[in-house]
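Working notes for the structure below.
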Amino acid sequence: MDQSMQYQQEMAPLQAQRQQQQRDQDFGESDGDSDDDDDQPGQKRARKSGELPDRKEKHKVVEQKRREKTKELLADLQDLLPNTEDAGATNLTMNTVLQCAIDFLTQRQ
Numbered sequence: 001m002d003q004s005m006q007y008q009q010e011m012a013p014l015q016a017q018r019q020q021q022q023r024d025q026d027f028g029e030s031d032g033d034s035d036d037d038d039d040q041p042g043q044k045r046a047r048k049s050g051e052l053p054d055r056k057e058k059h060k061v062v063e064q065k066r067r068e069k070t071k072e073l074l075a076d077l078q079d080l081l082p083n084t085e086d087a088g089a090t091n092l093t094m095n096t097v098l099q100c101a102i103d104f105l106t107q108r109q
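So for the sequence shown, UniProt numbering puts the first residue at 1; every next one is plus one.
Written out as structure tokens, the structure is:
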């Protein structure tokens, strides 16, 4: 067996251990908190009981803020466009508002 193959065989367990530690860090676990020391590679780990709902709730709040901001910006853009000011009571789709903006800017060139 040549030296490079021997080196790869010796390093494989260390690389697997480093990858597992990186995954643990990505999910917020410390080195000693992992309950899945005997799991085989490729198997899913059990999560801490409160971890997933908390992440989902944070994501939900951030997503709601993003959508609200997008909605406000589209309303502002719609108010600036002459073709859409009459449709103030009517909710135009995002695509319609953007197309009107493109048409308006193209005409001004």
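Glycine included, C-beta positions come from ideal geometry on N, C-alpha and C. Values in this document were obtained by computation on a predicted structure and should not be read as measured data.
- L73 is not a Cβ neighbour of F104, given a cutoff of 7 Å.
- Within the UniProt domain "BHLH" (54–108), the runs of alpha helix (DSSP H) that reach at least 4 residues and sit entirely inside it are, in chain order, 94–108.
- Q78 is classed as buried because its beta carbon has at least 16 other beta carbons within 10 Å across all chains shown.
- Annotation for V61: no residue places its beta carbon closer than 6 Å to its own, counting only its chain and skipping 5 residues before and after.
- Relative to E68, the option among K56, M94, N83 whose CA is nearest is M94.
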